[in-house]
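Same order as they appear, the protein sequences are chains F and G. Residue numbers for the first sequence, in the working numbering: 48 to 632. Residue numbers for the second sequence, in the working numbering: 2 to 362. In this text, a Cβ means the ideal position worked out from N, Cα and C, and glycines have one as well. Notes follow once the structure below has been shown.
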Amino acid sequence: MSRRIWNFPGGIHPPENKQQSKGSAIRSVALPERLILPLQQHIGSPAKPVVMLGEKVLKGQMIAEANGVVSAHVHAPSSGTVTDIGDYPIQHPSGIKGSCIVIKPDGKDQWLPHEGIEDYKTVETNLLLEKIRNAGIAGMGGAGFPTQVKLSPPAGTEIETLILNAVECEPYITADDLLMQERAHDIINGLLIMAHIVKAKEILVGIEDNKPEAIHAMEQAALDTPVEIVVVPTKYPSGGEKQLIYMLTGKEVPSNALPAHIGVICQNTGTAYATHRAVVHGEPLISRITTLTGEAFAKKGNVEVLLGTPISHLLAEAQADIDNMSRLIMGGPMMGFSITNIEVPVVKVTNCILASSKDELPLPQAEQPCIRCGDCAKACPAQLLPQQMFFYAKALEFDKTQHYNIMDCIECGACSYVCPSNIPLVQYYRFAKGNIRKQALETRQADKSRERFEFHKARLEQEAAEREAKRKARLEAAAQKKADTPSGTLSTPAPAPQEDAKLLVLKTAAATSAKQFQQAKKALALAEKNAADNLTELQAKVTQLEAKADTAKTALREALKAQKTLAAETTPSGAKSTADTKSGS
Amino acid sequence: MALLSITSPHTTKSGNAGVVMRQVLYATIPAMLASSWYFGWGVIVNCLLASATAISCEAAILHIRNRPVVFYLRDYSALVTAILLALALPPLAPWWIPVLGTFFAIAFAKQAYGGLGSNPFNPAMAGYVFLLISFPVQMTSWLPADAGIGHSFSNPNAVGLWDTLLLIFSGNSSSGAAFEAFTGATPLDALKTELSLAKTTEVMHNNPVFSGFIAGRGWEIINLGFLLGGLYLLSIRIISWQIPVSFIVCLAFLSSVFYLYDSDRYASPIFHLFSGGSMMCAFFIATDPVTAATSRSGHFIYGALIGFFVFIIRVFGGYPDAVAFSVLLLNLVAPTIDYYTQPRTYGHKHANRGFSKKDKS
């Protein structure tokens with residue numbers, strides 16, 4: 048391979064432990080008694096159920112639809128009946144429950160009629176994206192980002208390189224490895240579809256050199272295609288998206304930006320395969336390849352498992368020695384999370400179930416003082432200073448952890464792995480990051496409520512002013528009436544109240560608009576003092592309100608004049624009404 | 002089946018801080034053997050006294066501080082401090098010298114700051130400087146390099162185990178001779194004194210302390226012992242090469258420049274590298290991770306500056322050797338070096354330099 052590999056700094060070489068699950072072909076799993084499908088299997092907002100309790104569903108039928116752009120559909124993995132829509136334990140480190148749709152399979156495994164696109168090159172990319180969206184595909188490497196969103200970079204972004212992340216650097220996991228060995232052509236085809244959608248100029252597949260069989264299969268499948276297979280040296284975490292992009296292109300994804308900003312899109316092997324199934328066969332994402340490994344499993348290996356299959360079913364299927372199992376991990380030993388309930392279902396991102404015995408993954412040793420050896424900094428693939436971040440996280444000085452770029456930490460665990468003092472560093476970083484996010488949220492909320500309070504106050508003041516104006520107007524009207532009554536003749540009783548009401552309205556309008564004008568003027572003065580950026584806007588508002596106030600005033604004056612004339616005609620007490628005119632302005 | 006709930010990573014490299022410290026202890030063995038070969042049983046006695054003091058001090062203070070005693074003792078850091086200090090002490094120093102020095106190192110230079118990992122100064126060197134300033138006579142009285150275990154048959158003046166014990170604990174040997182009767186100057190001492198008497202380095206070769214193969218007799222072998230131990234630590238990656246190499250290169254460079262300028266008044270680079278505490282400093286003292294700079298480029302600056310100060314103090318300063326002073330000086334500077342040598346984080350255009358905004362205000 049002539050392509051240059053940019054080696055990223057740091058990284059570790061933990062025992063690979065891949066042989067245990069690599070030996071046998073991908074096997075299928077019997078239908079479980081029930082399928083539990085979480086509405087949230089991806090990053091973004093959870094899907095919305097579109098089925099009713101007791102409804103019969105067919106295999107591949109949509110049971111929950113994407114809610115918004117960053118979301119993904121959920122489909123029935125097999126035909127059966129919806130028996131429950133409610134909270135069940137889901138794939139989350141906290142052991143939290145989440146909304147799920149439960150299906151009891153009827154055993155017929157009857158497909159909903161579906162069809163694929165024969166030649167993807169002849170159809171519009173929008174249609175292909177729609178197909179992918181309809182299949183509910185979300186990144187299957189672990190993050191679960193909806194695939195069609197990733198394949199629709201912001202307008203104006205040119206995609207230089209499409210990278211297939213087939214590195215699989217986590218120890219123990221062989222799901223992508225086996226998938227590549229057995230279904231390389233489909234993966235390459237899925238990759239080509241993606242490349243067609245984003246119009247990538249260069250298509251690369253990054254594979255670690257510890258998978259010779261997969262490399263061979265992929266090279267064979269990539270013959271006569273523009274796809275280039277790039278073998279990278281085995282080092283954890285070379286499968287980290289940022290690390291792989293750097294290794295293959297020498298480009299770094301800027302902090303707080305997406306790979307698309309530098310013209311790169313990275314997709315996972317399983318995702319490419321699912322894309323192929325969706326576009327070519329019209330099949331939604333209802334199953335995936337998952338590695339079953341760890342000493343507790345008797346039958347280690349890779350299985351093609353329906354999404355929603357409870358882990359307990361897999362444990363039984365692979366004859367796990369449950370008494371000997373001390374830790375159950377979804378994902379790999381470096382970045383996976385432990386689950387405490389074996390009823391948690393397999394979801395779109397479940398690439399591995401690691402059921403370890405106590406000897407295999409012993410209890411963490413007690414934390415000793417940091418001796419500042421700097422091994423963590425040497426291992427960090429993001430070039431951070433883990434020891435500094437640790438000190439400040441421990442001291443609750445989160446702004447300093449941010450100074451040390453803690454938000455750029457990818458939580459790969461390399462630092463914790465090498466720490467001679469057995470400090471659970473990543474845990475400290477998660478703690479600090481969680482607090483930083485919480486603080487940011489609180490600041491945002493405080494800003495919002497302050498704005499709300501100020502707006503509320505302004506509105507109350509305005510209302511009070513209006514009420515005051517109305518009251519004054521009423522008083523005046525009453526005084527007018529009083530003045531009218533004693534000397535008023537009975538010949539004109541009808542028009543007087545009518546005129547009064549009209550006058551009242553005009554008075555209120557004049558008072559309100561005058562008040563509004565004053566307020567706007569005050570706001571403008573304040574804005575000028577603070578050099579706010581919406582000066583012109585405020586200026587316009589002031590002018591507008593001034594005009595309005597003038598109009599209202601004139602109208603009132605005219606009305607008063609008319610009334611005065613009227614009063615002068617009907618009553619001789621003209622002195623009283625002069626005072627009225629004054630109060631109107 | 003109670004499943005554990007632990008956050009990732011779920012696996013770590015085996016080992017703990019104690020393993021690291023034990024390796025450092027093993028690595029001192031060549032130098033310790035060489036030292037006792039040339040300087041006798043006193044070296045061993047010093048090591049034993051210092052170790053006993055270190056362990057009891059550490060245990061007592063941990064107890065006072067309500068910390069788990071056995072857990073912290075098992076990091077072996079107190080023993081490392083004790084051995085490194087003991088190897089830097091004159092072999093026939095009275096018993097209270099290692100005891101007092103170790104007590105100061107553990108109680109004041111280490112535990113007072115919060116124990117392992119929190120001390121700004123290298124405890125062994127702090128203890129050494131404390132002793133050197135407080136008891137200059139006892140601290141500068143060394144045996145000639147042929148009084149050790151290796152010479153017990155060939156040299157009638159060699160100090161045996163019994164005499165060593167008597168001298169250390171009572172101050173007089175079995176023959177009634179006092180401590181001072183056995184001791185003399187080190188090569189670095191002699192160099193300083195004789196240069197001040199306007200002798201040339203050529204003339205000094207008549208002085209037996211300089212009769213080594215490449216540097217001072219005995220001392221060169223002890224330095225080789227530290228070099229050997231250091232190479233072992235490098236090979237098992239307990240220490241990294243940046244600090245030792247930058248220290249050695251800087252010291253060698255400066256001494257070469259001066260040696261080439263006037264070889265009559267300045268000692269050769271080889272003499273500097275293999276005298277006094279040079280190699281011990283390069284591989285065992287300057288590399289103490291707790292008190293050194295931690296960033297990669299910071300290592301170079303830190304090591305080179307120690308080399309610089311060692312040379313300057315040795316040649317122009319008032320003390321014959323300068324390892325302890327230089328190391329303490331650089332311990333002070335290490336955090337600042339770290340602030341200015343932060344690496345550039347992935348995805349960032351520039352590295353952070355200096356203090357965070359909060360620090361500045």
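Residue 492 (chain F) and residue 124 (chain F) have their C-alpha atoms roughly 41 Å apart. Boundaries of the beta strand (DSSP E) around residue 111 (chain F): 109-112.
Per the C-alpha coordinates, the member of G:283, G:108, G:125, G:175 positioned closest to residue 241 (chain G) is G:283. Separation of the CB atoms of residue 422 (chain F) and residue 465 (chain F) is rounded to 4 Å, and the pair is thereby assigned contact status at 8 Å.
Using beta-carbon distances, residue 351 (chain G) does not count as an interface residue toward chain F, since no partner is under 9 Å. Residue 154 (chain F) sits in coil when the DSSP states are folded into three classes, being neither helix nor strand. In this structure, residue 183 (chain F) keeps its C-beta atom at 9 Å or more from the C-beta atom of residue 392 (chain F). For residue 383 (chain F), the nearest beta carbon of chain G is closer than 9 Å to its own beta carbon.
Rounded to the nearest whole angstrom, the C-alpha separation of residue 349 (chain F) and residue 222 (chain F) is 6 Å. The residue from G:95, G:39, G:46, G:257 with its alpha-carbon nearest to that of residue 308 (chain G) is G:257.
Burial is judged here by how many other beta carbons sit within 10 angstroms of a residue's own beta carbon; residue 596 (chain F) has at least 16 and is buried.
The contact set of residue 299 (chain F) on chain G, defined by CB atoms closer than 8 Å, consists of 347, 348 in chain order.
With respect to chain F, the C-beta atom of residue 7 (chain G) has a partner C-beta closer than 9 Å. Taken in chain order, the members of the segment 441-464 of chain F whose beta-carbon sits within less than 7 Å of a beta-carbon on chain G are 446, 447, 450, 452, 455, 460, 463, 464. Only those residues of the segment 319-349 of chain G whose C-beta falls short of 7 Å from the nearest C-beta of chain F are listed: 343, 344, 345, 346, 347, 348, 349. Collapsing the DSSP output to three states places residue 346 (chain F) in coil.
By the C-beta density criterion, residue 335 (chain F) is buried, having at least 16 other C-beta atoms within 10 angstroms. The segment 113-123 of chain F makes no contact with the segment 49-63 of chain F; the number of CB pairs closer than 8 Å stays below 3.
Sixteen is the threshold: since fewer than 16 other Cβ atoms of the shown chains lie within 10 Å of the Cβ of residue 503 (chain F), the residue is exposed. At the C-beta level, residue 125 (chain G) and residue 286 (chain G) come within 9 Å of one another.
Bounds of any alpha helix (DSSP H) do not take in residue 335 (chain F); it lies within the beta strand (DSSP E) bounded by 334-340.
At least one beta carbon of chain G lies nearer than 9 Å to the beta carbon of residue 376 (chain F). In this structure residue 122 (chain G) does not touch residue 113 (chain G) by the C-beta definition: roughly 11 Å separates them, more than the 8 Å allowed. The C-beta separation of residue 592 (chain F) from residue 567 (chain F) comes to about 5 Å, placing the pair in contact by the 8 Å criterion. Within the segment 202-223 of chain F, no residue has its Cβ closer than 7 Å to any Cβ of chain G. Note that the C-beta distance between residue 356 (chain G) and residue 281 (chain G) is not below 9 Å.
Rounded to whole angstroms, residue 149 (chain G) and residue 31 (chain G) show a C-alpha spacing of 15 Å. In this structure, residue 469 (chain F) lies away from residue 434 (chain F), with their beta-carbon atoms at least 9 Å apart.
Annotated three-state conformation of residue 133 (chain F) is strand, per DSSP. Excluding sequence positions up to five before and after residue 335 (chain G), its CB lies within less than 7 Å of the CB of 292, 293, 294, 303, all in the same chain and listed in chain order. Taking each of F:562, F:284, F:109 in turn and checking the Cα distance to residue 161 (chain F), the smallest one comes out for F:109. Given a length threshold of 3 residues, each whole run of the beta strand (DSSP E) inside the segment 205-283 of chain F is given here in chain order: 208-212, 249-255, 274-279. The beta carbon of residue 275 (chain F) is closer than 6 Å to those of 251 in its chain, skipping five residues each way along the sequence. The closest CA to that of residue 231 (chain F), considering only F:587, F:507, F:241, F:320, is found on F:320.
Beta-bridge analysis with DSSP links residue 85 (chain F) to F:147. The beta-carbon of residue 253 (chain F) is placed no less than 9 Å from the nearest beta-carbon of chain G.
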